[in-house]
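Written below as structure tokens is the structure these notes are about.
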Amino acid sequence: MTSTGTQLESEDVELGEGLDSIRVDVAREEVRDRLFGTRALNRTISRFTLLERVGSGAMGTVYSAYDPQLDRRVAVKILDRGRTSSQTRDAERLIAEARAMAKLAHPNVVTVYEVGVHDDDDGSPPVVFVAMQFLEGMTLRRWVEQRQPRWDRIVGTFVAAGRGLAAVHGAGLVHRDFKPDNVMVTDHDERAVVMDFGLAQVDPTASTPGHEDDAPPTLRSGKVSGTPAYMAPELFSGLPATDRSDQFAFCVALFEALFGCRPFDGRTPAELLASMSIGVPKTPADSRGVPRGVRRLVLRGLDPDPHRRHASLHGLLAQLERTVGRRRRIATFTIAAGLVASASTAAVMGGQGESCDPEAALERTWNDGARTELQAALLRTAPPGAEDVG
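Residue numbers (the working numbering): 251 to 640.
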């Protein structure tokens with residue numbers, strides 16, 4: 251049994267049947283586990299023991315696995331076959347995905363531990379694998395559907411995911427397939443983590459040195475690939491992906507989360523491109539309380555001309571945060587003013603026939619109970635963690 255590790259160069263490896271063998275082994279263990287409540291951990295990739303299939307992404311199938319060396323659970327992604335016409339190109343892309351992700355160390359980007367080619371030395375074809383951080387949680391799409399959060403919480407979670415995406419851009423890369431299914435919201439702290447970089451490529455507009463030579467030529471070819479509903483119009487024409495095409499995908503996903511529908515309709519890629527090219531996103535039937543300022547920011551990111559979108563994702567995120575903060579301050583002021591007005595009215599109405607001392611009247615209404623109510627109202631409109639301040 252042999253495995254080559256993280257210093258792997260792209261090589262011509264025959265893939266497909268090896269993954270089929272892995273799937274059979276894992277499926278057999280899953281059946282045994284369901285029937286007898288036990289699991290024989292006897293299928294390994296490199297040092298990682300596969301446990302169960304947990305999903306699939308761009309060009310690969312993902313398994314949960316155990317790393318005995320570091321005694322931790324990991325996710326292992328193994329190259330799938332039949333997704334493109336060239337198995338060698340698939341291998342290059344999966345290796346490029348891991349290399350792209352390994353360049354990043356950011357709390358909103360999934361961590362890669364190892365990439366390599368594994369050979370069982372039993373005559374079956376070798377497989378390409380990527381071992382990465384295992385995340386307990388749900389996709390951003392499912393989080394929105396299940397939690398049905400307020401618009402400001404949606405924006406806050408997307409801003410966090412956007413920081414991870416901006417970190418990708420800072421490394422001179424583009425994700426190329428950003429969508430709610432490629433963001434995980436963790437269970438323990440609801441942290442948004444960008445993942446699945448299977449279509450990642452070098453940003454041709456980036457000035458970060460050293461990345462152009464690292465990318466396989468197939469990732470610089472401009473070939474159309476991705477999820478059509480989230481692809482920027484220029485990508486349909488085969489133009490290279492850039493940080494602004496990622497920005498377009500981010501805004502499609504944010505629009506969808508805020509309003510419950512996508513901004514552009516189309517039953518086919520051609521119809522979708524025609525709708526995007528007109529540059530007039532649909533008007534949601536229900537604004538869901540989303541401020542017009544937020545909608546304007548999102549619509550600018552959906553402009554069919556990449557030059558008219560936001561100059562950077564960082565700039566868009568900063569404006570979204572300012573808008574949310576401003577709305578929270580307005581809400582806080584409104585609540586506080588309403589409570590004070592109620593207290594004043596009660597003082598006037600309740601003071602008839604009693605003491606005309608204004609301080610005594612105020613004391614009857616502005617007391618510990620009123621203060622507690624105001625504090626609770628302020629905390630309801632404050633950002634998370636505000637109760638720990640002061």
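Glycine included, each C-beta is placed from N, C-alpha and C at the ideal position. Because the structure is a prediction, the values reported are computed rather than measured.
Notebook entry, point to check: Which value, in whole angstroms, describes the spacing of the CA atoms of P519 and P478?
Noted result: As a working note, residue 519 is residue 269 in the sequence shown. As a working note, residue 478 is residue 228 in the sequence shown. Approximately 6 angstroms, taken between the alpha carbons.
request  = Tell me whether the beta-carbon of P556 lies closer than 8 angstroms to the beta-carbon of M526.
outcome  = Here residue 556 corresponds to residue number 306 of the sequence shown, with the count starting at 1. Here residue 526 corresponds to residue number 276 of the sequence shown, with the count starting at 1. No, they are not a contact pair.
query: If you draw a straight line from the alpha carbon of E551 to that of E395, how long is it in whole angstroms?
result: Against the sequence shown, residue 551 aligns to sequence position 301. Against the sequence shown, residue 395 aligns to sequence position 145. Per the sequence shown, the amino acid found at residue 551 is Gly instead of Glu. Distance between the alpha carbons of G551 and E395 is about 23 angstroms.
Note to self: Ignoring anything shorter than 3 residues, give me the beta strand (DSSP E) runs that lie fully in the region 337-372, in order along the chain.
What the structure shows: As summarised for the region 337-372, the continuous beta strand (DSSP E) elements at least 3 residues long and confined to that stretch are 362-369, given in chain order.
Original post:
In three-state terms, what does DSSP make of G565?
Top reply: Position 315 of the sequence shown, counting from 1, holds the residue named residue 565. In the structure shown, G565 sits in a helix (DSSP, three-state: H, G or I).
task: With a 10 Å radius around its C-beta and 16 neighbouring C-beta atoms as the bar for buried, classify Q497 as buried or exposed.
output: Residue numbering aside, residue 497 sits at position 247 when the sequence shown is read from its first letter. Classification for Q497: buried.
For L504, the first and last residue of its enclosing alpha helix (DSSP H):
As a working mapping, residue 504 is identified with position 254 in the sequence shown. For L504, the enclosing alpha helix (DSSP H) begins and ends at 493-509.
DSSP state of V377, grouped into three classes? Taking the sequence shown and counting its residues from 1, the one referred to as residue 377 is at position 127. DSSP places V377 in strand when its eight states are reduced to three.
task: Tell whether a beta-carbon distance below 8 angstroms holds between G529 and L522.
output: Here residue 529 is taken as the residue at index 279 of the sequence shown, counted from 1. Here residue 522 is taken as the residue at index 272 of the sequence shown, counted from 1. Not a contact, by the Cβ cut-off of 8 angstroms.
How close, in whole Å, do the beta carbons of V435 and V359 come, if the pair is a contact with beta carbons under 8 angstroms? Taking the sequence shown and counting its residues from 1, one reaches residue 435 at position 185. Taking the sequence shown and counting its residues from 1, one reaches residue 359 at position 109. A Cβ-Cβ separation of about 14 angstroms leaves V435 out of contact with V359 under the 8 angstroms criterion.
Q. In this structure, does DSSP put A421 in helix, strand or coil?
A. As a first step, residue 421 is located in the sequence shown; it is residue number 171 there, counting from the start. Of the three classes helix, strand and coil, the one that applies to A421 here is coil, per DSSP.
Please look up how many angstroms separate the CB atoms of A348 and V365, rounded, as I've assumed it's under 8 angstroms. Numbered from its first residue, the sequence shown carries residue 348 at position 98. Numbered from its first residue, the sequence shown carries residue 365 at position 115. Rounded, the Cβ-Cβ distance is 4 angstroms, consistent with contact.
| request: Would you decide whether V418 is buried or exposed? Buried here means 16 or more other CB atoms lie within 10 Å of its CB. | output: As a first step, residue 418 is located in the sequence shown; it is residue number 168 there, counting from the start. Sixteen is the threshold: when 16 or more other Cβ atoms of the shown chains lie within 10 Å of the Cβ of V418, as they do, the residue is buried.
* Asked: With 16 as the cutoff for other CB atoms within 10 Å, does D446 come out buried or exposed?
  -> Along the sequence shown, read from residue 1 onward, the residue named residue 446 stands at position 196. Classification of D446: buried, given that the 10 Å Cβ count is 16 or more.
- Item | contact_flag[the region 495-513, the region 532-539] where n(CB pairs < 8 angstroms) is 3 or more | Touching, per the Cβ criterion.
Residue nearest to V312 in terms of C-alpha spacing, selected from Q319, R322, L300
Mapped onto the sequence shown, residue 312 falls at position 62. In this structure, L300 is the residue among Q319, R322, L300 with its C-alpha nearest to the C-alpha of V312.
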